[in-house]
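Visitor: Sharing a structure below in structure tokens format, with a few things to ask.
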Amino acid sequence: MMLLPLLPLTLAEKLANQLLHADPASSARLQALRGKRLRLTLRELPQPLTLTVVDDGVVFAVHDDNDVDCHIQTALAVLPELRDSANITRLIKADALDIEGDPMLAQRFSALFRDLDIDWQATLASRIGELPAYWLIKRWRQSRRWLTRRMAEQRDWLRDTVVEEKQLLVSAVEFAVFSDDLQALRARLDRLQRRLDSLPAEG
Amino acid sequence: MTDSQSERTDFGYQKVDKSAKAGMVAQVFNSVAAKYDIMNDLMSLGIHRLWKRYTLDCSGVRPGMRVLDIAGGTGDLTEQFAKRVGAQGEVVLADINDAMLSVGREKLRNRGVVGNVSYVQADAEQLPFADDSFDVITIAFGLRNVTDKNRALRSMLRVLKPGGRLLVLEFSKPVQPLLNQVYDFYSFNLLPKMGQLVAGDADSYQYLAESIRMHPDQETLKGMMVDAGFDNVDYHNLTGGIVALHRGYKF
Ligand SMILES: C[S@@+](CC[C@H](N)C(=O)[O-])C[C@H]1O[C@@H](n2cnc3c(N)ncnc32)[C@H](O)[C@@H]1O
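Residue numbers (full-length UniProt numbering), protein chains in the order written: chain A, 1 to 203; chain B, 1 to 251.
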């Protein structure tokens with residue numbers, strides 16, 4: 001079904017623009033991003049979503065296979081995290097994020113919504129109704145839990161790796177054997193050197 | 001082909017003189033212009049909005065571009081394009097019919113779409129624009145009504161910028177035989193009745209149903225676009241092929 005996703009799409013687009021317009025600071029942020037295109041492949045969505053910044057808002061598209069400036073593959077919950085560039089590497093390492101194109105752009109798109117001066121839960125409820133807002137917030141929390149898990153796994157992985165790395169270090173005995181071998185080798189080299197020195201120089 | 005045949009073309013299921021078709025099509029749209037938007041919603045159960053939205057999604061249009069909406073009628077696509085190209089861009093709504101153009105102009109002005117849209121009365125077969133002047137051209141539910149479709153396609157190619165694309169949204173042939181039958185019943189029985197009830201005009205909607213059947217199917221139209229000189233031509237069926245979106249590029 002190619003047309004079905006278009007209904008929620010137009011609703012989501014309307015909502016996003018209403019939210020943007022509710023904050024007077026958005027206009028300058030939009031201005032700076034005008035013409036930029038961002039594609040989102042989200043775990044929670046069946047299809048990639050393409051956002052284009054136009055003069056007075058953003059346009060959403062699902063059937064858009066044209067070039068974009070930045071393509072992000074991630075989960076819903078990660079989007080606000082992108083605002084801090086420090087998070088980006090961490091998220092990529094945790095396999096919670098993949099970026100193609102300009103990462104700065106991901107950051108600026110994230111800031112566009114994240115910096116909105118609104119109470120999300122209340123605003124959503126008043127714009128789209130209690131029930132859809134409740135559903136959305138629930139999906140959001142699910143996504144956050146997924147992210148927390150992902151990051152915890154990453155931490156564990158790091159810890160395990162460090163521990164294993166300790167095992168990679170040579171033991172005291174191994175080191176002693178190695179030192180002895182080295183000592184012996186050095187002695188043989190010295191002897192060899194002395195014999196070389198004692199040979200008459202060729203004319 | 002004998003001379004007398006080549007001078008005739010289809011008008012729905014009738015054969016009429018080529019020179020007469022344009023006038024007869026004009027009469028149809030003169031008669032439906034005022035009720036056009038309501039009928040569109042009714043007849044397609046509102047789905048035409050999704051077909052158009054799909055077209056917009058595929059257009060790849062960006063701020064600053066120049067767009068031509070041929071046979072733009074009451075301006076549904078033009079309105080959305082205007083929003084997307086912004087103040088730096090431009091959209092030209094072209095239609096052969098003055099009545100449709102007026103309804104479109106009035107509607108868009110009332111909705112505050114001003115500044116980057118211009119209205120031009122023009123025939124798709126001989127577009128009054130310079131070569132290489134548009135990034136995107138659309139013709140939605142319009143090609144069917146054009147007398148010489150090949151000539152119209154060549155004219156569109158000429159005014160398209162290299163790298164630009166043409167999108168043709170048009171009724172086509174449903175892929176499922178069953179859907180085809182249901183659709184036939186709908187078009188030839190219900191549609192003219194709805195036309196009679198809402199717009200007081202059964203004939204125009206009978207023409208609509210017939211012209212849809214006479215329109216080239218998916219593969220034929222694709223071939224015509226290739227012949228006209230478009231590159232990378234492809235199409236997507238929508239709603240089981242009741243409608244298809246054809247896309248072609250000028251390289
Ligand atoms: C069914 S309407 C489509 C209007 C609009 N594009 C939409 O999708 O709602 C078809 C339009 O094609 C226009 N038309 C018919 N023949 C034409 C031609 N040769 N050149 C330009 N426009 C034409 C008619 O005047 C009419 O407005």
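The C-beta atom is built at its ideal place from N, Cα and C for all residues, glycine as well.
So with CB distances below 7 angstroms, who are the chain A contacts of residue 83 (chain B)?
Guide: Under a criterion of Cβ atoms nearer than 7 angstroms, the residues of chain A adjacent to residue 83 (chain B) are, in order, 54.
Visitor: Could one say the Cβ of residue 63 (chain B) lies closer than 8 angstroms to chain A's Cβ atoms, at least one of them?
Guide: It does; some Cβ of chain A falls within 8 angstroms.
Visitor: Using 10 angstroms around the beta-carbon of residue 187 (chain A), count the other beta-carbons present and answer buried if the total reaches 16, otherwise exposed.
Guide: Result: exposed.
Visitor: Could you say if the stretch 10-29 of chain A and the stretch 86-104 of chain A meet the contact criterion of at least three C-beta pairs nearer than 8 angstroms?
Guide: No contact exists between the stretch 10-29 of chain A and the stretch 86-104 of chain A.
Visitor: Note down the Cα distance separating residue 99 (chain A) from residue 175 (chain A), rounded to an integer number of angstroms.
Guide: 44 angstroms
Visitor: Return the chain-ordered ranges of every alpha helix (DSSP H) run that is complete within the stretch 117-178 of chain B and spans a minimum of 4 residues.
Guide: 149-159
Visitor: Could you tell me the alpha carbon to alpha carbon distance between residue 62 (chain A) and residue 126 (chain A), rounded to whole angstroms?
Guide: Distance between the alpha carbons of residue 62 (chain A) and residue 126 (chain A) is about 26 angstroms.
Visitor: Could you tell me whether the Cβ of residue 16 (chain A) comes closer than 8 angstroms to any Cβ of chain B?
Guide: no
Visitor: Within 10 angstroms of its Cβ, does residue 148 (chain A) collect 16 or more other Cβ (buried), or is it exposed?
Guide: exposed
Visitor: Kindly say whether residue 57 (chain B), judged by its beta-carbon, lies nearer than 8 angstroms to any beta-carbon of chain A.
Guide: yes
Visitor: How about the stretch 55-66 of chain B and the stretch 54-61 of chain A: do they share at least three Cβ pairs that are nearer than 8 angstroms?
Guide: yes
Visitor: Spell out a yes or no on whether the stretch 32-40 of chain B and the stretch 192-207 of chain B are touching, meaning 3 or more CB-CB pairs, one atom from each, closer than 8 angstroms.
Guide: yes
Visitor: Would you check whether ligand 1 has a heavy atom nearer than 7 angstroms to the C-beta of residue 252 (chain B)?
Guide: Past the boundaries of the shown model lies residue 252 (chain B); chain B is included only from 1 to 251, so the question cannot be answered.
Visitor: Taking any Cβ of chain A, which residues in the stretch 29-58 of chain B have a Cβ under 8 angstroms from it, in chain order?
Guide: 47, 50, 51, 53, 54, 56, 57 and 58
Visitor: Spatial neighbours of residue 205 (chain B) within its chain, please: CB distance less than 6 angstroms, with the 5 preceding and 5 following residues excluded, ordered by chain position.
Guide: Closer than 6 angstroms at the Cβ level, and outside the excluded window around residue 205 (chain B), lie 191, 192 and 195.
Visitor: Could you tell me whether any Cβ in chain B is nearer than 8 angstroms to the Cβ of residue 63 (chain A)?
Guide: yes
Visitor: Is any beta-carbon of chain A found at less than 8 angstroms from that of residue 60 (chain B)?
Guide: With 8 angstroms as the cut-off, residue 60 (chain B) counts as an interface residue toward chain A.
Visitor: What residues from chain B crowd round residue 35 (chain A), counting only those whose CB sits closer than 7 angstroms?
Guide: 62, 63 and 64
Visitor: Which residue's Cα is closest to the Cα of residue 104 (chain A): A:66, A:123, A:10 and A:84?
Guide: A:84
Visitor: Give every residue of the same chain whose Cβ lies closer than 7 angstroms to the Cβ of residue 73 (chain B), excluding the five residues on either side of it in the sequence, and list them in chain order.
Guide: Hits under 7 angstroms: 36, 95, 100 and 104.
Visitor: Could you have a look at residue 15 (chain B) and say whether DSSP puts it in helix, strand or coil?
Guide: In the structure shown, residue 15 (chain B) falls within a strand segment according to DSSP collapsed to helix, strand and coil.
Visitor: Do the stretch 82-96 of chain B and the stretch 157-165 of chain B meet, that is, are 3 or more Cβ pairs less than 8 angstroms apart?
Guide: The stretch 82-96 of chain B, when compared against the stretch 157-165 of chain B, does not touch it at the 8 angstroms Cβ threshold.
Visitor: Of all the options B:210, B:243 and B:119, which has the alpha carbon lying nearest to the alpha carbon of residue 219 (chain B)?
Guide: Ranked by Cα distance from residue 219 (chain B), the options B:210, B:243 and B:119 are led by B:243.
Visitor: Does residue 167 (chain B) have its Cβ less than 8 angstroms from a Cβ in chain A?
Guide: So, not an interface residue.
Visitor: Quick one: measure Cβ to Cβ for residue 137 (chain B) and residue 160 (chain B), integer angstroms, because I've assumed they're closer than 8 angstroms.
Guide: The beta-carbon distance between residue 137 (chain B) and residue 160 (chain B), rounded to whole angstroms, is 6 angstroms. This is short enough to meet the 8 angstroms contact definition.
Visitor: In this structure, does DSSP put residue 116 (chain A) in helix, strand or coil?
Guide: Residue 116 (chain A): coil per DSSP, three-state reduction.
Visitor: Looking at residue 100 (chain B) and ligand 1, is the gap between the Cβ and the nearest heavy atom below 7 angstroms?
Guide: yes
Visitor: Taking 8 angstroms as the CB-CB limit, is residue 87 (chain A) close to chain B?
Guide: no
Visitor: So the candidates are B:154, B:132 and B:71; which of them puts its Cα closest to the Cα of residue 228 (chain B)?
Guide: B:154
Visitor: Looking at residue 48 (chain A): is its Cβ nearer than 8 angstroms to the Cβ of residue 39 (chain A)?
Guide: Yes, these two residues count as a Cβ contact at 8 angstroms.
Visitor: Taking the beta carbon of residue 14 (chain B) as the centre, do at least 16 other beta carbons fall within 10 Å, making it buried, or is it exposed?
Guide: The residue is exposed, with fewer than 16 neighbouring Cβ atoms inside 10 Å.
Visitor: Any C-beta of chain A sitting closer than 8 angstroms to the C-beta of residue 87 (chain B)?
Guide: yes
Visitor: Please report whether the beta-carbon of residue 74 (chain B) lies at a distance below 8 angstroms from any beta-carbon of chain A.
Guide: no
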